[in-house]
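For the sequence shown, the numbering used here puts the final residue at 432, and the numbers step up evenly by one.
Idealized CB from N, CA, C, for every residue including glycine.
Notes for the one structure printed next.
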Amino acid sequence: MAASVLIPVFWVASAAFKENSQFYDDPWSLPRYLNIENFTAAWREANMGAYFGNSVTVTFLALLILLITAIPCAYALSRFRFSKIGAVRTFFMAGLFVNASYIVVPIFLMLVDINDLLKTTFFLNNPAVLALVYASGALPFTVYLLSSYFSSLPREYEEAAYIDGASNFTAMVRVMAPMARPAVITVILFNFLSFWNEYIIAITLMTEDYAKTLPVGLMNLMKAQNAAAQYGRMYAGLVIVMLPTLILYILVQKKLTEGLSVGGIKG
């Protein structure tokens, strides 16, 4: 299983430095030299730099919106008892079965109608709107995972904070949220991968070339370079897309394991 993942990744990484002739002579050979021109051509000529910046902006905004809304929601559902809590939990559980990609056309039509109503173009080709759609789609899963983790934490920590005069909000921000860091890092990684690689919603809501995200730009690059037989540039674009996710996973791998292993254990 490891070989089935590592060998293709290594092949793509090495192909990004090859000249076209090597793809025809021996596709499995190593690059004759590190051909950085493939990356510079993909970054500038194929506009991958602008697409990269758009993806960074959208992903950062989506994660920010998601965490600001999901952490308080998950904390309230796991630590407090109030009327209709069962209905609220059922509502979020039902959201786990709704994929935003399946309802992207109604979302698009709704945003078009809002633009027409307000006489504006604000709600299309806008990174903030795309980030809001991403965060909304990821909210049920994130709340479910975080609430499971919050439920596993002992209540003595909150009680000690209340004795010191902390409010519910202060106890959440200063005591419970830092303790839930492994789970928070887990949802950041999972949702980062989802937002960074998302294609269907991005190509639907970001219709102008200047607003496209990296996966959409990569598809355009692959079509163009396939037609021009510039395979090195095409694989350089693939590496540009993969590299941030690989770096992030390497950095947070330990915390990710903690979040997955501890989140379902009751304290």
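Segment contact, 8 Å Cβ cut-off, at least three pairs: the region 301-309 with the region 255-262: yes
Does DSSP classify ILE201 as helix, strand or coil? coil
I want to check one thing, is the minimum distance from the CB of TYR309 to the heavy atoms of the ligand PLP below 8 Å? Inclusion of the ligand PLP in the displayed structure is not the case, the ligand content being empty and no account of it being possible.
Where TYR364 falls: helix, strand or coil (DSSP): coil
Quick one: what's got a C-beta closer than 7 Å to THR378's C-beta in the same chain, skipping five residues either side? TYR216, ASN219, SER220, VAL223, ALA367 and MET371
Taking contact to mean at least 3 C-beta pairs separated by less than 8 Å, is the region 318-333 in contact with the region 177-186? no
Please report how far the alpha carbon of ALA348 lies from the alpha carbon of TYR314, in whole angstroms. 7 Å
In three-state DSSP terms, what is LEU195? coil
Would you tell me roughly how many angstroms separate the C-alpha atoms of MET337 and PRO237, rounded to the nearest one? 8 Å
Extent of the continuous alpha helix (DSSP H) to which MET371 belongs: Neither: MET371 is in no alpha helix (DSSP H) and is coded neither H nor E.
Name the two residues that bound the continuous alpha helix (DSSP H) containing ASP329. Per DSSP, ASP329 belongs to no alpha helix (DSSP H) and is neither H nor E.
Across the region 193-201 and the region 408-416, are there enough close Cβ pairs to call them in contact, namely three or more that are closer than 8 Å? no
Verify whether the separation of the beta carbon atoms of LEU297 and LEU289 is less than 9 Å. no
Determine whether the beta carbon atoms of ASN212 and GLY397 lie at a separation below 9 Å. no
For GLN395, count neighbouring C-beta atoms within 10 Å of its own C-beta (all shown protein chains included) and say buried if the count is 16 or more, exposed if not. buried
C-alpha distance - TYR322 paired with LEU261, whole-angstrom precision: 31 Å
Sequence-distant residues of the same chain with beta carbon closer than 6 Å to TYR364, five excluded per side: PRO380
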